[in-house]
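Enquirer: So that we are looking at the same thing, I have put the structure below in C-alpha cells.
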Amino acid sequence: MSNRVSETEYRDLADFLCDEAELLSAQDYPNWQKMLAEDLHYLIPVPQFLEQVGSREIGIGNGYFDDDIHSMRIRLELLSSPQTTTAEHVRSMLNHVVSNIRITKAGDDEYHCKSCITVHRTRFNKKEPTIISGRRQDLIRRTTDGFRLVTRQVNLNQSILMSSNISYFF
Amino acid sequence: MLLKENLGPADFEQLVDEQKATASRLIFTDQSIFELEQEKLFAKVWLYIGHDSEIPNPGDYVTRKMATDPVILNRGEDGNINVLLNSCSHRGTLLCTTDTGNTKGFTCAYHGWAFGLNGDLKATADDMNLYDGKVDFDTLNLKSAARVDSYAGLIFATWNNEAPDLADFLGDARWYLDLYRKRTPQGMEVLGAPHRWVVETNWKTGAVNFGADGPHAVKVHGPITQATFGIPPQAVRDSLLYSPAISMGNGHNGILPFIPESLRGQVPAFTGYPAELIELYEQCLTTAQLEVSRDLLGGVQTMFPNFSSVQAPAIFRPGGPPINMLAIRVWQPISATQMEIWNWFLVEKEASEEWKHEAMLAGVRTFSPGGTFDQDDAEAWAGITAGIAGQQSRQGDMNFQMALAYRDQIIPDFPGPGKAYPSIYGEVTEFDVLLEWQKYMTA
Numbered sequence: 001m002s003n004r005v006s007e008t009e010y011r012d013l014a015d016f017l018c019d020e021a022e023l024l025s026a027q028d029y030p031n032w033q034k035m036l037a038e039d040l041h042y043l044i045p046v047p048q049f050l051e052q053v054g055s056r057e058i059g060i061g062n063g064y065f066d067d068d069i070h071s072m073r074i075r076l077e078l079l080s081s082p083q084t085t086t087a088e089h090v091r092s093m094l095n096h097v098v099s100n101i102r103i104t105k106a107g108d109d110e111y112h113c114k115s116c117i118t119v120h121r122t123r124f125n126k127k128e129p130t131i132i133s134g135r136r137q138d139l140i141r142r143t144t145d146g147f148r149l150v151t152r153q154v155n156l157n158q159s160i161l162m163s164s165n166i167s168y169f170f
Numbered sequence: 171m172l173l174k175e176n177l178g179p180a181d182f183e184q185l186v187d188e189q190k191a192t193a194s195r196l197i198f199t200d201q202s203i204f205e206l207e208q209e210k211l212f213a214k215v216w217l218y219i220g221h222d223s224e225i226p227n228p229g230d231y232v233t234r235k236m237a238t239d240p241v242i243l244n245r246g247e248d249g250n251i252n253v254l255l256n257s258c259s260h261r262g263t264l265l266c267t268t269d270t271g272n273t274k275g276f277t278c279a280y281h282g283w284a285f286g287l288n289g290d291l292k293a294t295a296d297d298m299n300l301y302d303g304k305v306d307f308d309t310l311n312l313k314s315a316a317r318v319d320s321y322a323g324l325i326f327a328t329w330n331n332e333a334p335d336l337a338d339f340l341g342d343a344r345w346y347l348d349l350y351r352k353r354t355p356q357g358m359e360v361l362g363a364p365h366r367w368v369v370e371t372n373w374k375t376g377a378v379n380f381g382a383d384g385p386h387a388v389k390v391h392g393p394i395t396q397a398t399f400g401i402p403p404q405a406v407r408d409s410l411l412y413s414p415a416i417s418m419g420n421g422h423n424g425i426l427p428f429i430p431e432s433l434r435g436q437v438p439a440f441t442g443y444p445a446e447l448i449e450l451y452e453q454c455l456t457t458a459q460l461e462v463s464r465d466l467l468g469g470v471q472t473m474f475p476n477f478s479s480v481q482a483p484a485i486f487r488p489g490g491p492p493i494n495m496l497a498i499r500v501w502q503p504i505s506a507t508q509m510e511i512w513n514w515f516l517v518e519k520e521a522s523e524e525w526k527h528e529a530m531l532a533g534v535r536t537f538s539p540g541g542t543f544d545q546d547d548a549e550a551w552a553g554i555t556a557g558i559a560g561q562q563s564r565q566g567d568m569n570f571q572m573a574l575a576y577r578d579q580i581i582p583d584f585p586g587p588g589k590a591y592p593s594i595y596g597e598v599t600e601f602d603v604l605l606e607w608q609k610y611m612t613a
C-alpha cells in the first residue's frame, strides 16, 4: 500500500492543522479539546546541544510537556478562567503559524503529519513578542466525528527558553 | 534615585532594614548592585552546580554556570570531580560548547589548545617547543574551582579558597536537606536534563520566594492546588498559616507544611509515596526527623544563596493517588532584572521504574516552564520588574513586615535544629535570606 495521500486528504488535514492553530491562538480550549483523542500523548522534549559522537542521555528523560488526556484536561481547565491562571491573565496575544506540512498515511484511518509551528507571543508587560519555533510530528486519526490529534511531539529550537513560561500550546 | 558608583558597607546597611523588616527595591533592579554581588557574594560562597548521578563515569561532563561564569563539571579518569572554568586560558574562548557528553579532554575551537579532564594544558596551537622555553605552561592550566565538595549527591563548588567546609556552610540545614534528599541508603538520582528558562526578574526573587512565601501559595496557586493536589484552598491556607517556617542558619531557610487539622485522619502518613520507599525512610531518618516527616504535605527550601527545592504531591489522573515530585533548582543571576531557572527532578535510586516515571510526570506538569505552578509564579515575578522600573516605584520598599508579628515567636523544643517559627505566613524566613545577603554585601 502506498502511503501517499490524496489531494482531498491533504486538504482536509491541512485544514485541521490550521483550524487547530486558530483555536490555540484564540485560547479557545473548549473547542481545541474536542480535537484531541482519548489516547492523546502530547510531548515536548528538552532540546540539548550534543556532540555527534560521545553524546549520552542522563536519567529517563523529562520533557517540558508530557501529557495524556487527563492532565491536558486539567491544564486546559486552569487556563480557561482568569480565576485559575496568573500566567494568562490577562491573556497573551498569540499567533500560531503552521507551515511545511507533509502528510503520509499511517494506516487505514491514521496519518503522520509533519509541520513547523512558530508561535509569536506578546505579554502585556513586554513590547516585543517572544518567538519560539518547533518541528512537530503528529499522528492524526480520522473518526466518524472528524479528525482527532492522537500524538504530538514538538522539538523546539531553544535550549534555554527565552520565555518566562509556556502557558500555551504548540 | 540612581545609586552612586562606589557603594560601600554603609550603603548596604541601609538597603536592608532589619528593624523595619523591609528591603530597598533597588536591590532587585539596580545593575551596579548586581555587579557588586558577583564579587562580594557569588565569588565567595558555595554554589550548587550539579548532581553526582549526572556524571557517573570517568569522562562524563555537563556544562554549568557558577553565577555568570560558565564552567565544566566532569568526572576525571581517577573518579574525582573536576570543576573548570569553561574558557580557554589562551584567549578566553568558550571551550566546551555542548550541554553534556563524555570525553577525554577539551580542545579549543579557536587555536586548538587542548586540556585534560583536570584542566591541565596538554597542547598549544602547534609544537609547544615553539615557545622556546620562555613560557611556564603550568600557569596556563584551566582555572579550577578553589573547592569542590558534595552532600547527599549534591555537588557544590566555590572560587573562594577561604570558604568554610561545605559541611559547615550547610550546617544545621543538612538536617532539613536530609528530609527530602537523604532518606534511603542509595540516595537520589536526576531524572533528566535540566529545564532552563529565562524569567525577567532578579535572582533573589526566586531565592526569597522559596525561603518560603506562604500567602502567595494561596493567592497564585490555590485553585491549582485544588485541581492538581486535590486539596481545597482552605486546607492549603490552614496548613500554611499554622505550620512552621525554619531559619536553619547561614541564610538557609525553608518551610514544613503539615497536614492541617481539617484533613487529619484523611491523609495517610508520608502521603504521595509508595510503601517500599516509606519503609526505607523509616530506616534512614532519625526519630526526630521522622516526627516532622510523617505529616508533611510537601516542602520548600532555599539553601543560600540561590539553590532551592520543592516537594509536592500531584494528582493528574482522576481518582489516582497523589504522586510526590521533588524539584531542585538554581536561580542563575543574569542581570539585575533577569535570571535563568535551572531545574532538575530527583527521585530515589531504589524506586521502581514505574514510580520514577510517575514522579517525572508529576514534576514536569507542576514545577517547570510549562508547569501549572511555575508558569504562574514567573508571571508574578516578572510583574515585579515591570512594576519597579520607574523613578518613583523603585524608591519604595520590599515589605516583609509580617515578620514583625512573628519573629519573636520561636517554637520552643522544636524537634529540628535552627529557629522554627509558627507560621509560613510569617515572612521571617523569607526576609532572613536578605539579611544573610546583607552580611556578604557589607563584609
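The listed protein sequences derive, respectively, from chains A and B. With the working numbering, letter number 10 in the first sequence gets 10, and the count goes up by one each step, no holes. With the working numbering, letter number 104 in the second sequence gets 274, and the count goes up by one each step, no holes. Positions of the beta carbon are idealized from the N, C-alpha and C atoms, including for glycine.
(1) Using only the alpha-carbon positions, how far apart do residue 390(B) and residue 118(A) sit?
(2) Please list, in chain order, the chain A residues whose beta carbon lies closer than 8 Å to that of residue 570(B).
(3) Would you identify the three-state DSSP class for residue 505(B), choosing helix, strand or coil?
(4) If you measure from the beta carbon of residue 111(A) to each beta carbon in chain B, is any gap under 9 Å?
(5) Give the residues of chain B in contact with residue 70(A), contact being defined as C-beta atoms less than 8 Å apart.
(6) If we count the other Cβ atoms within 10 Å of its Cβ and call it buried at 16 or more, is residue 301(B) buried or exposed?
(7) Could you give the first and the last residue of the continuous beta strand (DSSP E) run that contains residue 367(B)?
(8) Consider the Cβ of residue 539(B): report whether some Cβ of chain A lies at a distance smaller than 9 Å.
(9) Do residue 359(B) and residue 63(A) have their beta-carbon atoms positioned less than 9 Å apart in this structure?
(10) Can you give me the start and stop residues for the beta strand (DSSP E) that residue 57(A) sits inside?
(11) Run down chain A in chain order and give the residues with a C-beta less than 8 Å from the C-beta of residue 597(B).
(12) Using the three-state DSSP reduction, which class does residue 172(B) fall into: helix, strand or coil?
(13) Just list the beta strand (DSSP E) runs in the region 346 to 409 of chain B, keeping only unbroken ones of 3 residues or longer that don't cross its boundaries, in chain order.
(14) One question on the structure: do residue 12(A) and residue 147(A) come within less than 9 Å of each other, judged by their Cβ atoms?
(15) Go through its chain and collect everything with a Cβ distance to residue 255(B)'s Cβ below 7 Å, but skip five positions before and after it.
(16) Strictly below 9 Å CB to CB, what residues from chain A border residue 393(B)?
(17) Here's the rule I'm using: 16 or more other beta-carbon atoms within 10 Å means buried, otherwise exposed. How should residue 104(A) be labelled?
(18) Taking only beta-carbon positions, decide if residue 159(A) is within less than 9 Å of chain B.
(19) Do you know whose CA, among 40(A), 138(A) and 153(A), lies nearest residue 73(A)'s CA?
(20) Have a look at the DSSP bridge pairing and note the partners of residue 484(B).
(21) What number of angstroms, rounded off, separates the C-alpha of residue 467(B) from the C-alpha of residue 546(B)?
(22) In this structure, what does DSSP give as the bridge partners for residue 136(A)?
(23) Given a cut-off of 9 Å on the beta-carbon distance, is the pair residue 432(B) and residue 593(B) in contact?
(24) Strictly under 9 Å for the Cβ-Cβ distance: is residue 75(A) near chain B by that measure?
(25) Buried or exposed: residue 249(B), going by 16 or more other Cβ atoms within 10 Å of its Cβ?
(26) Where residue 514(B) and residue 9(A) are concerned, what is the direct C-alpha to C-alpha distance, given to the nearest angstrom?
(27) Can you give the Cα-Cα distance for residue 151(A) and residue 112(A), rounded to whole angstroms?
(28) With a CB to CB cut of under 7 Å and the five nearest residues on each side skipped, what residues in its chain are close to residue 172(B)?
(29) Could you give the distance in angstroms between the alpha-carbon of residue 258(B) and the alpha-carbon of residue 278(B)?
(30) Going by alpha carbons, who is nearest to residue 156(A) out of 133(A), 31(A) and 66(A)?
(31) Restricting to runs no shorter than 3 residues, where is the beta strand (DSSP E) found entirely within the region 446 to 472 of chain B?
(32) List, in chain order, every chain A residue whose beta-carbon is nearer than 7 Å to that of residue 543(B).
(33) Residue 172(A) touches chain B at which residues, Cβ-Cβ below 8 Å?
(34) Determine the direct distance from the alpha carbon of residue 446(B) to that of residue 318(B), and round the result to whole angstroms.
Expert: Inspection of the coordinates gives the following:
(1) Roughly 29 Å separates the two Cα atoms.
(2) Within chain A, no residue comes near residue 570(B); the closest Cβ sits about 21 Å away, beyond 8 Å.
(3) Reduced to three states, the DSSP call for residue 505(B) is strand.
(4) no
(5) 486, 487 and 488
(6) For residue 301(B), the number of other beta carbons within 10 angstroms of its own is below 16, and it is reported as exposed.
(7) 365 to 369
(8) yes
(9) no
(10) It is not in any beta strand (DSSP E) - residue 57(A) carries neither H nor E in the DSSP assignment.
(11) What residue 597(B) touches in chain A: nothing, since even the nearest Cβ is about 20 Å away.
(12) Because the pLDDT of residue 172(B) is 49, which lies under 50, any placement of that residue in the model is unreliable, and the number read from its coordinates should be weighed accordingly. Here residue 172(B) sits in coil by DSSP.
(13) 358 to 360 and 365 to 369
(14) yes
(15) 239, 241, 312 and 313
(16) 78, 81, 83, 84 and 85
(17) Around the beta-carbon of residue 104(A), fewer than 16 other beta-carbon atoms lie within 10 Å, marking it exposed.
(18) yes
(19) 40(A)
(20) 493(B)
(21) 21 Å
(22) 115(A) and 154(A)
(23) no
(24) Output row for residue 75(A): interface = yes.
(25) exposed
(26) Near 43 Å, if we compare the C-alpha coordinates of residue 9(A) and residue 514(B).
(27) 10 Å
(28) Any reading at residue 172(B) is ruled out, since the residue's pLDDT is 49, under 50, leaving its predicted position unreliable.
(29) 7 Å
(30) The residue among 133(A), 31(A) and 66(A) with its C-alpha nearest the C-alpha of residue 156(A) is 133(A).
(31) none
(32) Here the premise fails: no neighbours, minimum Cβ distance about 10 Å.
(33) As displayed, chain A neither begins before 1 nor continues past 170, which places residue 172(A) out of reach and without an answer.
(34) C-alpha separation (whole angstroms): 34 Å.
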